[in-house]
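Numbering (UniProt numbering), first residue to last: 1 to 274.
Just so you know, even glycine gets a beta-carbon here, dropped at the ideal spot from N, CA and C.
These figures come from a predicted structure and were not determined experimentally.
Structure first, then comments.
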Amino acid sequence: MPDWRNLCLYYADIFTFATSKGRLSPVFVGKMYNFMLQKKLAFRWGMEGDCIMNRFTIAAFGALSLSLLPTAGSATFVSLGDCTGAVSCSVTDTPPNPVTTNPNDGQLLAWNEVQNFVLTEDLRVDRVFDTTASFVEDAGGGDYFIKAGTIVSSHYLQWDPGEGSSSTIDTTIALDSQIFAFITADSNLFASDFLGLPGLDYNDFSLRGLESGDTTDFNGLAVDINWTAGSPGDWTRLITAYSPGGVSEVPLPAGAPLMITGLAAFGWFKRKRK
Numbered sequence: 001m002p003d004w005r006n007l008c009l010y011y012a013d014i015f016t017f018a019t020s021k022g023r024l025s026p027v028f029v030g031k032m033y034n035f036m037l038q039k040k041l042a043f044r045w046g047m048e049g050d051c052i053m054n055r056f057t058i059a060a061f062g063a064l065s066l067s068l069l070p071t072a073g074s075a076t077f078v079s080l081g082d083c084t085g086a087v088s089c090s091v092t093d094t095p096p097n098p099v100t101t102n103p104n105d106g107q108l109l110a111w112n113e114v115q116n117f118v119l120t121e122d123l124r125v126d127r128v129f130d131t132t133a134s135f136v137e138d139a140g141g142g143d144y145f146i147k148a149g150t151i152v153s154s155h156y157l158q159w160d161p162g163e164g165s166s167s168t169i170d171t172t173i174a175l176d177s178q179i180f181a182f183i184t185a186d187s188n189l190f191a192s193d194f195l196g197l198p199g200l201d202y203n204d205f206s207l208r209g210l211e212s213g214d215t216t217d218f219n220g221l222a223v224d225i226n227w228t229a230g231s232p233g234d235w236t237r238l239i240t241a242y243s244p245g246g247v248s249e250v251p252l253p254a255g256a257p258l259m260i261t262g263l264a265a266f267g268w269f270k271r272k273r274k
């Protein structure tokens, strides 16, 4: 038998993400919800996070959610604006492989890593946008956890002075979704390399992260940075929310597409027989 509760939660999550990222308007969602209430097709969440839909509603949501799933698109980095102190600031699809110490090129390089990944365990990070967020937990020692079950997208930045650049880079990093956190400590970077770009050798050397004086000022979909690097350079992992521009890593339940088709047909024939 299909796991109806998990399907229900899955489609409700997709619907919620689509709404929060502008793929559906709140007005449309409200009208659809009211319609389902009238037709006794509504879903609800119980005190323990239960999710209840009848099977016809799951089929309807399934058909809709397939059209809302993200597809491969351009980079989830939007821009590196007002760049001062560097020879250049750029987003690349071909990062250095392997990543090496002391590139000494005066460039701030940024690249996208794994996108729209459902965390299966808590992710330890160093700096967060909001310590009171429901999915953020104090890990002690100045660190935080982003809780398991959160959908995250990962991005990487490299900065090393050289070629006549300043030792300090100042820029505004803009992305297409809420910025959650930075991972800056060596140990946390090593532990989070599962979010790295597949096939890229991150060459886990010491002194890889940011210094304590390097600033990261969160501002919604953007963050202002001011970093001063010495040897071997600065590297950091930037964690954001679900990215509409990224390739989805959200696991589709096994057999869901066939199940959706069958359920939709079942609902149509049921209506025809009335």
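Could you tell me the alpha carbon to alpha carbon distance between residue i and residue j, rounded to whole angstroms?
| i | j | result |
| --- | --- | --- |
| G162 | T101 | 13 angstroms |
| V128 | A181 | 4 angstroms |
| P232 | Q107 | 14 angstroms |
| D170 | G230 | 15 angstroms |
| residue 282 | L210 | Nothing can be reported for residue 282, as the shown portion of the chain is limited to 1 through 274. |
| I151 | P198 | 18 angstroms |
| N97 | L200 | 6 angstroms |
| L80 | S192 | 24 angstroms |
| I225 | F77 | 15 angstroms |
| T240 | S177 | 6 angstroms |
| S187 | G140 | 15 angstroms |
Are the beta-carbon atoms belonging to residue i and residue j less than 8 angstroms from one another?
| i | j | result |
| --- | --- | --- |
| Y242 | N112 | no |
| N104 | D160 | yes |
| I173 | A133 | no |
| G149 | L195 | no |
| I183 | T236 | yes |
| V114 | I146 | no |
| T228 | D214 | yes |
Name the two residues that bound the continuous alpha helix (DSSP H) containing residue i.
| i | result |
| --- | --- |
| A110 | Unbroken run through A110 is the beta strand (DSSP E), 107-112; no alpha helix (DSSP H). |
Quick one: what's residue i bridged to in DSSP?
| i | result |
| --- | --- |
| F117 | V152 |
| L200 | Paired residue(s): none; L200 is not in a bridge. |
| T168 | T228 |
In this structure, does DSSP put residue i in helix, strand or coil?
| i | result |
| --- | --- |
| T215 | strand |
| F205 | coil |
| D130 | coil |
| S79 | strand |
| L175 | strand |
| L238 | strand |
| residue 276 | Because the chain is modelled from 1 through 274, residue 276 falls outside the range shown and cannot be assessed. |
| F28 | Note that F28 scores a pLDDT of 47, beneath 50, so its modelled location is shaky and nothing firm can be said. |
How far does the beta strand (DSSP E) with residue i in it reach, from first residue to last?
| i | result |
| --- | --- |
| S90 | 88-91 |
| N226 | 222-228 |
| F180 | 179-183 |
| residue 275 | Since the displayed the chain opens at 1 and closes at 274, residue 275 lies outside it and no answer follows. |
| A139 | 136-140 |
| L123 | 123-125 |
| D143 | 143-146 |
Checking contacts by CB at 8 angstroms: is residue i closer than that to chain D?
| i | result |
| --- | --- |
| D193 | Checking the listed chains, one finds no chain D in this structure; it contains a single protein chain. |
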